[in-house]
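Chains as they are written, first to last, in this note's numbering: chain A, 7 to 320; chain B, 115 to 359; chain C, 3 to 291.
Yeah, the Cβ is synthetic: ideal placement off N, Cα and C, and Gly gets one too.
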């Protein structure tokens with residue numbers, strides 16, 4: 007199936023999802039659904055660097071929050087339409103990813119992982135101390151209640167995130183099948199052998215870091231409008247770092263399907279848990295699932311399905 | 115006549131206080147078949163790593179094809195025509211056997227100016243290489259399904275996929291049976307006849323003697339002999355180094 | 003800038019640095035020597051803090067004494083975790099992605115369980131040395147910082163002796179460099195690593211008690227220490243315990259000055275900033291291998 011066909015199918019599915027949600031006529035579906043869609047993008051973005059290339063990013067919250075604060079900055083400075091903000095956020099987060107990658111990717115993967123954690127905290131400290139965007143007090147974003155043609159504002163945000171999901175999945179899938187995908191896989195499997203085979207490992211890793219960061223930033227851009235009141239602790243929140251890793255690891259890191267499944271399953275589970283239990287138990291469950299899957303089913307749900315299929319064919 | 119294909123001058127490498135290589139000089143002419151032998155720990159793999167750029171040498175220079183390659187990253191040296199196989203096979207474990215060969219084809223052969231292969235040609239080339247090392251029936255398998263011997267053949271095939279001018283084969287034949295060793299030696303000689311310069315690092319003396327036009331001996335980071343195989347093997351210093359084994 | 007302020011910022015920095023060394027010793031072993039990225043280590047330190055708190059408030063026992071008594075339990079925990087890590091990842095060579103995710107998961111699970119059991123309020127302990135200070139001219143040595151610093155230095159000395167004088171200790175130092183030689187000596191690398199990792203977590207017990215002596219603790223405090231701990235390891239140089247102590251002192255002084263002259267809200271950025279800069283400029287650290 008060519009990329010064009012895939013994109014057309016994806017757009018059709020997205021349109022169907024949107025219309026189905028409209029039919030239910032309950033805004034909760036849109037609010038909860040937006041979060042799940044956001045996680046699909048974050049998980050897919052993380053997987054480009056983590057699953058395809060093998061470099062773990064512990065600081066996904068940094069790129070996501072960067073996107074959110076780009077929006078806050080422009081809201082105070084000169085408001086822009088969200089799609090434009092998403093592009094600026096993507097560019098900014100991408101550049102930060104590139105810079106950080108350049109500083110740390112020449113070292114081993116474990117140092118890179120620790121550096122990503124460091125980046126998240128440094129960024130958070132900078133934001134907390136920057137009063138223009140609200141500092142630790144936070145920033146209020148006033149959003150319109152309605153949008154022409156589409157109707158309620160949350161429907162508009164939902165649609166934007168759907169579009170981003172299509173873009174992210176399309177990008178991930180087309181990378182997998184391309185020369186770039188082979189390069190990433192070679193780096194993941196054996197970086198030394200990849201270099202010896204002619205793969206420009208540093209360059210490709212920088213591509214992965216930039217792309218991954220950019221997508222995460224784009225996912226963060228609409229967030230202030232979604233949530234209405236943005237504090238650093240929520241933008242840089244725990245859930246983003248854990249989920250960005252747990253969802254692909256549980257779903258399966260080998261292809262674009264894994265993060266999608268992981269995000270839908272875990273995202274929905276958490277929506278239910280936060281409402282019925284507490285949000286602390288929520289993170290506990292995700293953490294335990296992550297540990298469990300990493301030990302027992304390292305290739306995730308997709309891996310389990312493959313194993314079952316291969317066993318059946320014997 | 116052009117100069118040597120590979121010139122190593124005064125190469126030195128230390129790890130902390132340990133001197134792994136001490137002023138190595140080596141010249142390999144285009145089309146030569148050179149054997150490199152030495153006891154374990156003599157620095158053979160370190161030398162290969164420095165030549166290919168996997169390690170940065172502390173002193174000395176490496177010239178390849180008339181140009182200096184010091185400071186170039188490994189992948190750039192591979193694109194210029196240097197290839198190596200690893201002593202312990204390092205396959206791409208999540209890619210199929212045929213896909214393992216695709217990586218060097220995409221990133222080395224296709225990266226060279228004027229030699230881009232079409233997808234059909236890529237597939238054909240993968241098939242040819244697999245035939246060459248008798249792995250054609252394992253094309254769709256994963257490296258984990260291969261035997262040790264087959265993994266070594268894959269390792270060699272992957273180095274060959276980069277269409278090198280110089281191939282450095284680092285103990286490609288460990289663990290092979292006599293007939294398999296002879297097969298690989300014959301394969302390497304055929305490649306050499308097609309124009310590939312080969313440096314063979316081995317412990318299997320039969321293979322080394324049958325293959326090499328010239329023999330270089332490394333002991334404790336120093337080159338102690340360099341010449342015709344029969345002469346070198348009769349050198350008393352070389353005998354002493356091997357008697358200790 | 004008054005001289006008093008400067009001197010006391012320096013002293014506070016040194017004392018803080020000593021404490022940071024105690025916090026980092028465990029990671030020096032697991033990351034510096036065993037090459038295991040245990041980012042969950044700060045969570046175990048917080049666990050140690052809460053246990054010290056619990057024993058202190060229920061039984062009135064001094065927190066540091068309690069933590070020493072608890073060391074065997076922490077050792078067992080460490081050994082158990084290493085077994086799981088070894089069986090699931092190290093044996094198969096899949097350490098990097100899966101191992102990191104494993105410890106990341108442990109970090110969160112530990113933190114959240116503490117939240118569920120103890121809640122998010124700050125907890126603190128009572129001890130005779132919390133409160134009074136030792137004055138020497140203009141110099142002020144708060145005992146609640148001095149005692150942890152001294153305990154930390156004692157830990158460091160004990161560990162150095164262990165690593166250089168005992169067979170197991172030297173085997174641990176050796177396992178980083180030459181597993182084959184170790185096997186030839188009759189020691190199993192996996193067993194040695196398990197012992198080392200157990201010791202690493204055991205130090206978290208004491209570090210936790212020292213932490214809650216210095217400052218009130220709540221579950222997410224551990225996260226600030228991730229950056230500090232790895233910054234110190236990298237700055238000092240992996241595999242060098244003395245380097246780690248120097249790194250800890252430097253970081254302590256840097257943070258103390260930043261907090262005194264720029265305000266405490268910038269403190270987290272200091273350690274992580276140091277980490278990024280060191281990784282970028284001199285990844286082998288001051289005294290690294």
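Using DSSP with H/G/I as helix, E/B as strand and the rest coil, what is residue 261 (chain B)?
If you number the second chain from 1, residue 261 (chain B) lands on position 147. Note: residue 261 (chain B) maps to coil in three-state DSSP.
Mind listing the chain B neighbours of residue 108 (chain A)? Cutoff is C-beta to C-beta under 9 Å, in chain order.
If you number the first chain from 1, residue 108 (chain A) lands on position 102. Near residue 108 (chain A) there are no residues of chain B at all, since even the closest Cβ is about 15 Å away, more than 9 Å.
Which word fits residue 211 (chain A), buried or exposed, when buried means at least 16 other C-beta atoms lie within 10 angstroms of its C-beta?
Numbered from its first residue, the first chain carries residue 211 (chain A) at position 205. Buried: at least 16 other Cβ atoms inside 10 Å.
If you draw a straight line from the alpha carbon of residue 77 (chain C) to that of residue 63 (chain C), how long is it in whole angstroms?
Working through the third chain from its first residue, we reach residue 77 (chain C) at position 75. Working through the third chain from its first residue, we reach residue 63 (chain C) at position 61. C-alpha separation (whole angstroms): 21 Å.
So if DSSP puts residue 199 (chain B) in a beta bridge, which residue, or which two residues, is it bridged to?
Residue numbering aside, residue 199 (chain B) sits at position 85 when the second chain is read from its first letter. Answer is B:283, bridged to residue 199 (chain B).
Classify residue 62 (chain C) as helix, strand or coil using the three-state DSSP reduction.
Indexing the third chain from 1 puts residue 62 (chain C) at position 60. Residue state, collapsed to three classes: coil.
Which of the residues in the segment 199 to 214 of chain A, read from start to end, lie with their CB under 8 Å from any CB of chain B?
199, 200, 201, 202, 203, 204, 205, 206, 207 and 208
Flag this pair as yes or no: are the beta carbons of residue 138 (chain B) and residue 337 (chain B) separated by less than 8 Å?
On the second chain, residue 138 (chain B) is found 24 positions in, with the first residue counted as 1. On the second chain, residue 337 (chain B) is found 223 positions in, with the first residue counted as 1. Yes, the Cβ-Cβ distance between residue 138 (chain B) and residue 337 (chain B) is below 8 Å.
Proximity test, Cβ basis, 8 Å: residue 271 (chain B) and chain A
Position 157 of the second chain, counting from 1, holds the residue named residue 271 (chain B). False, the Cβ-Cβ gap to chain A never drops below 8 Å.
If you draw a straight line from the alpha carbon of residue 25 (chain C) to that of residue 293 (chain A), how long is it in whole angstroms?
Within the third chain, numbered from 1, the residue matching residue 25 (chain C) stands at position 23. Within the first chain, numbered from 1, the residue matching residue 293 (chain A) stands at position 287. Each residue's Cα considered, the two are about 24 Å apart.
On the criterion of 16 or more Cβ atoms from any shown chain inside 10 Å, does residue 81 (chain A) qualify as buried, or is it exposed?
Along the first chain, read from residue 1 onward, the residue named residue 81 (chain A) stands at position 75. The residue in question, residue 81 (chain A), is buried, as its Cβ has 16 or more Cβ neighbours within 10 Å.
Just reading off the beta strand (DSSP E) that residue 136 (chain C) is part of, what are its end residues?
Mapped onto the third chain, residue 136 (chain C) falls at position 134. Its beta strand (DSSP E) spans residues 135 to 138.
Return no unless some Cβ of chain A is closer than 8 Å to the Cβ of residue 100 (chain C).
In the third chain, the residue the question calls residue 100 (chain C) occupies position 98. By this cut-off, residue 100 (chain C) is an interface position.
If we call anything under 8 Å between Cβ atoms a contact, is residue 264 (chain B) one with residue 252 (chain B)?
Within the second chain, the letter at position 150 stands for residue 264 (chain B). Within the second chain, the letter at position 138 stands for residue 252 (chain B). Taking 8 Å as the Cβ cut-off, residue 264 (chain B) and residue 252 (chain B) qualify as a contacting pair.
Who are the near neighbours of residue 210 (chain B) in its chain, counting only those whose CB is closer than 8 Å to its CB and skipping five residues on each side?
By 1-based counting over the second chain, the position of residue 210 (chain B) is 96. Once the five neighbours on either side are set aside, the close Cβ partners of residue 210 (chain B) are 253, 254, 255 and 256.
Assign residue 71 (chain C) to one of two classes, buried (16 or more other C-beta atoms within 10 Å of its C-beta) or exposed (fewer than that).
On the third chain, position 69 is the one that residue 71 (chain C) refers to. Answer is exposed; the Cβ neighbour count stays below 16.
For the beta strand (DSSP E) that residue 176 (chain B) lies in, which residues bound it at each end?
Taking the first residue of the second chain as 1, we reach residue 176 (chain B) at position 62. From DSSP, the beta strand (DSSP E) with residue 176 (chain B) extends over 173 to 178.
So the alpha helix (DSSP H) residue 251 (chain B) belongs to, where does it begin and stop?
To locate residue 251 (chain B), count along the second chain from 1; it is residue 137. No alpha helix (DSSP H) holds residue 251 (chain B); DSSP gives it neither H nor E.
Starting from residue 279 (chain A) and walking both ways along the alpha helix (DSSP H), at which residues does that stretch end?
Mapped onto the first chain, residue 279 (chain A) falls at position 273. It spans 263 to 282 - the alpha helix (DSSP H) in which residue 279 (chain A) sits, taken as one unbroken run.
Put residue 86 (chain A) into one of helix, strand or coil per three-state DSSP.
As a position in the first chain, residue 86 (chain A) is number 80, starting the count at 1. Residue 86 (chain A) falls in the coil class under three-state DSSP.
Sort A:9, A:25, A:45 and A:21 by Cα distance to residue 252 (chain A) and report the nearest one.
Numbered from 1 along the first chain, position 246 holds the residue referred to as residue 252 (chain A). Answer by Cα proximity: A:45.
Residue 248 (chain C), DSSP secondary structure in three states
The sequence position of residue 248 (chain C) within the third chain is 246, counting from 1. It is helical.
Please return the same chain residues whose Cβ sits closer than 8 Å to the Cβ of residue 229 (chain C), not counting the five positions on each side in sequence.
Looking up residue 229 (chain C) in the third chain gives position 227. Once the five neighbours on either side are set aside, the close Cβ partners of residue 229 (chain C) are 270, 273, 274 and 277.
I'd like to know if residue 303 (chain A) contacts chain B, where contact means its C-beta is closer than 8 Å to some C-beta of that chain.
Taking the first residue of the first chain as position 1, residue 303 (chain A) is located at position 297. Chain B, which has no Cβ nearer than 8 Å to the Cβ of residue 303 (chain A), makes this no.
Near residue 57 (chain C), which residues of its chain fall below 6 Å by C-beta distance, leaving aside the five closest residues on each side in sequence?
Mapped onto the third chain, residue 57 (chain C) falls at position 55. Once the five neighbours on either side are set aside, the close Cβ partners of residue 57 (chain C) are 63 and 68.
In the DSSP output, which residue or residues are listed as bridge partners for residue 267 (chain B)?
Residue 267 (chain B) sits at position 153 when you count from the first residue of the second chain. Residue 267 (chain B) is not bridged to any residue.
Between residue 50 (chain C) and residue 165 (chain C), what straight-line distance do the alpha-carbon atoms span, to the nearest angstrom?
Translated into the one-based positions of the third chain, residue 50 (chain C) becomes position 48. Translated into the one-based positions of the third chain, residue 165 (chain C) becomes position 163. Using only the alpha carbons, I get a separation of about 24 Å.
Suppose the cutoff is 8 Å on Cβ atoms and the five residues either side in sequence are ignored; what does the same chain contact list for residue 213 (chain A) look like?
Residue 213 (chain A) sits at position 207 when you count from the first residue of the first chain. Excluding positions up to five away in sequence, the list reads 186.
Straight-line CA distance for residue 231 (chain C) to residue 281 (chain C)?
Within the third chain, numbered from 1, the residue matching residue 231 (chain C) stands at position 229. Within the third chain, numbered from 1, the residue matching residue 281 (chain C) stands at position 279. Cα to Cα, residue 231 (chain C) sits roughly 14 Å from residue 281 (chain C).
Could you please give me the residues that DSSP links to residue 152 (chain A) through a beta bridge?
On the first chain, residue 152 (chain A) is found 146 positions in, with the first residue counted as 1. DSSP lists A:158 as partners of residue 152 (chain A).
Mind checking which residues open and close the alpha helix (DSSP H) that includes residue 224 (chain A)?
Residue mapping note: residue 224 (chain A) aligns to position 218 of the first chain, counting from 1. Looking at the DSSP string, the run of the alpha helix (DSSP H) that includes residue 224 (chain A) is 207 to 226.
Spatial distance of residue 340 (chain B) from residue 330 (chain B) (CA atoms):
As a first step, residue 340 (chain B) must be located in the second chain, where it is residue number 226. As a first step, residue 330 (chain B) must be located in the second chain, where it is residue number 216. If I take the Cα positions, the gap works out to 4 Å.
Around the C-beta of residue 15 (chain A), are 16 or more other C-beta atoms found within 10 angstroms, so that it is buried, or is it exposed?
Taking the first residue of the first chain as 1, we reach residue 15 (chain A) at position 9. Exposed, because fewer than 16 other Cβ atoms sit within 10 Å of the Cβ of residue 15 (chain A).
Once you ignore the five residues that flank residue 92 (chain A) on each side, which residues in its own chain have a CB closer than 6 Å to its CB?
Start at 1 with the first residue of the first chain, and residue 92 (chain A) comes out as number 86. Cβ neighbours of residue 92 (chain A) beyond the five flanking positions: 224 and 227.
Which chain A residues sit within Cβ distance under 8 Å of residue 166 (chain B)?
Counted from its first residue, the second chain places residue 166 (chain B) at position 52. Residues of chain A passing the Cβ test: 202.
Residue 250 (chain C) beta carbon less than 8 Å from that of residue 23 (chain C)
As a first step, residue 23 (chain C) is located in the third chain; it is residue number 21 there, counting from the start. As a first step, residue 250 (chain C) is located in the third chain; it is residue number 248 there, counting from the start. Yes, these two residues count as a Cβ contact at 8 Å.
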